[in-house]
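Residue numbering for the sequence shown follows this note's numbering, starting at 474 and increasing by one per position. Everything on this sheet refers to the single structure shown next.
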Amino acid sequence: MANAFVKAWKYLMASFSNQIDERADPKVQIQQAIEDAQRQ
Numbered sequence: 474m475a476n477a478f479v480k481a482w483k484y485l486m487a488s489f490s491n492q493i494d495e496r497a498d499p500k501v502q503i504q505q506a507i508e509d510a511q512r513q
């Protein structure tokens with residue numbers, strides 16, 4: 474159970490870090506939007 478919590482925490486921290494990076498660089502947001510559109 475603790476291991477799952479650690480994995481979830483690391484995932485959340487990585488996700489939060491990525492969101493900060495995206496806000497700092499609009500090009501990243503555009504690139505991710507393109508990738509998301511291609512996946513659908």
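Cβ atoms here follow ideal geometry from the backbone N, Cα and C, with glycine treated the same way.
Start-to-end residues for the alpha helix (DSSP H) that takes in D524: This structure cannot speak to residue 524, because the chain is shown only from 474 to 513.
Chain-order list of residues whose beta-carbon lies under 6 Å from that of A477 (same chain, five-residue window excluded): Residue mapping note: residue 477 aligns to position 4 of the sequence shown, counting from 1. Excluding sequence neighbours, A477 sits near nothing in its chain.
Length of the line joining the Cα atoms of R512 and W482: Within the sequence shown, the letter at position 39 stands for residue 512. Within the sequence shown, the letter at position 9 stands for residue 482. Rounded to the nearest angstrom, the two C-alpha atoms are 26 Å apart.
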